[in-house]
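K.L.:
Heads up, the final residue of the sequence shown is numbered 1623 in the numbering used here, and it's a clean run with no missing numbers.
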Amino acid sequence: MLDTSQVFHININCTDLERSLPFYRLLGFRDVIDFNAGSDGDASDVLGDLVLGPALGLPSGSKARARMLMLGDNPRSARIDLIEWIEPKATGQAYPHLAHVGIARICFRVGDVASAWQQLTDAGAEPLTEPVLIDMGGSRQKFFCAKDPDGVVVEFMEFLKD
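(1) Are the beta-carbon atoms belonging to P1588 and E1619 less than 9 Å from one another?
(2) Classify G1514: buried if its beta carbon has 16 or more other beta carbons within 10 angstroms, exposed otherwise.
(3) Looking only at DSSP bridge pairs, what is F1617 linked to?
(4) For the region 1517-1581, list the beta strand (DSSP E) runs that are entirely contained and at least 3 residues long, ordered along the chain.
(5) What residue range does the beta strand (DSSP E) around F1490 cover?
(6) Taking DSSP's pairing of strands, which residues face M1597 in a bridge?
(7) Please list, in chain order, all residues of the same chain as P1520 whose beta carbon is under 8 Å from its beta carbon, the five residues on each side excluded.
(8) So, using beta-carbon positions, are F1569 and L1532 closer together than 9 Å?
(9) Have a look at the DSSP bridge pairing and note the partners of P1588.
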């Protein structure tokens, strides 16, 4: 068995980094690495040809704009690697529904799901439903899902005390 201790980050590809950043910042994520810092606004070679491109199986000449975002101040907190691929250009769209192979959604634990729903709605996000109450795994939760600017489904769950 591998010595895996935690999820370090989740990569989310987007079509417009500047459009997606406010959504994830609203969720409480903060910037910890700007991979394009010092590159005069050009797509960073760190994410492309020089380092990650070949390791990710991307073609020579790959370029991207990206930010590493972290939830909270704990250095072991969950991170999102938000990337806009410039070359090759990110194509396609998020899954049309969640019954697809692969990572379908990300779930965040929140303290007050009704408040999270309202804040996202006020910010222009379109939740799929209002918060729903479920009994699962011996506990009760309220949750809802919303889509990020590219249609990636993000789930928000509040665990209720009996």
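Ideal Cβ placement from N, Cα and C applies to all residues, glycine included.
P.N.:
Once the coordinates are examined:
(1) Within the sequence shown, numbered from 1, the residue matching residue 1588 stands at position 127. Within the sequence shown, numbered from 1, the residue matching residue 1619 stands at position 158. No, they are not a contact pair.
(2) Counting from one through the sequence shown, the residue named residue 1514 turns up at place 53. Taking all protein chains shown into account, G1514 has 16 or more neighbouring C-beta atoms within 10 Å of its C-beta and is therefore buried.
(3) By one-based count along the sequence shown, residue 1617 stands at place 156. Note: F1617 sits in a beta bridge opposite F1569, F1605.
(4) Correct list: 1524-1532, 1540-1548, 1566-1570.
(5) Against the sequence shown, residue 1490 aligns to sequence position 29. Looking at the DSSP string, the run of the beta strand (DSSP E) that includes F1490 is 1490-1495.
(6) Here residue 1597 refers to the residue found at position 136 of the sequence shown. Beta-bridge pairing links M1597 to S1600.
(7) Your numbering for residue 1520 matches position 59 in the sequence shown. The answer, listed in chain order, is G1514, P1549.
(8) The count along the sequence shown starts at 1 and reaches residue 1569 at position 108. The count along the sequence shown starts at 1 and reaches residue 1532 at position 71. Yes.
(9) For the purposes of this step, residue 1588 is taken as the residue at position 127 of the sequence shown. A1607.
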